[in-house]
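In what follows, a structure is listed as structure tokens, so that the remarks can point back to it.
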Amino acid sequence: IILAGRRINDQMGAFVANQLVKLMIKKEHKINNSHVLVLGITFKENCPDIRNSKVIDIINELKSFGCLVDVFDPWADKEDVKHEYGIDLLCNIDEIKDKSYKGVVLAVAHNQFKELDFPSLRTNGAVIYDVKGILKRELIDNRL
């Protein structure tokens with residue numbers, strides 16, 4: 024039973040990425056070279072620890088589809104993320120405000136993310152997938 028649970032847990036990153044891509048296809052978004060925003064990379068909310076984070080699995084799976092992934096996390100250390108995962112982390116909200124995303128994954132439930140203007144992220148029809156289930160249903164396309 025423990026091994027089965029671990030196997031399911033290990034496949035969740037791919038599952039989330041696949042769900043997002045399916046929703047993007049339904050909205051007729053081109054997948055290859057689509058800009059996708061992942062909100063959060065830390066192990067848990069309101070914590071700077073990136074060790075054992077499963078969010079990297081979502082990111083890698085999205086990249087395997089050809090998505091161009093931005094990762095925004097105000098809690099994580101930019102240099103740690105670059106060293107550990109080779110990702111150029113966005114830490115300032117201004118870095119994502121003027122970008123146009125086709126998909127958004129809320130991966131970590133940081134308090135700051137609850138205050139983001141999600142309707143403005145939808146201006147180009149972006150798909151919003153809430154892994155943590157913290158957003159109102161009318162703001163998202165699906166949740167885990």
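All residue numbers for the sequence shown refer to our numbering, where the first residue is 24 and numbers rise by one. The beta carbon of each residue, even a glycine, is placed where N, CA and C say it ideally should be. Being a predicted model, the structure only gives us computed values, none of them experimental.
Query: Which full runs of the alpha helix (DSSP H) of 4+ residues lie inside the stretch 64 to 143, going along the chain?; Result: 78 to 87, 101 to 108, 117 to 120 and 134 to 137
Query: Would I151 pass as a contact of A132 if the rule is Cβ separation under 7 Å?; Result: no
Query: For V92, which residues of its own chain have a beta-carbon under 7 Å away from its beta-carbon, when the five flanking residues on both sides are left out?; Result: V59, V61, I82, L85 and K86
Query: Would you mind reading off the limits of the beta strand (DSSP E) that contains V154?; Result: Careful: V154 lies outside any beta strand (DSSP E) and carries neither H nor E.
Query: Excluding the five sequence neighbours on either side, which residues of its own chain have a C-beta within less than 8 Å of the C-beta of L46, listed in chain order?; Result: G126, V150, Y152, D164 and N165
Query: Between the alpha carbons of K101 and I79, how many angstroms are there, rounded?; Result: 15 Å
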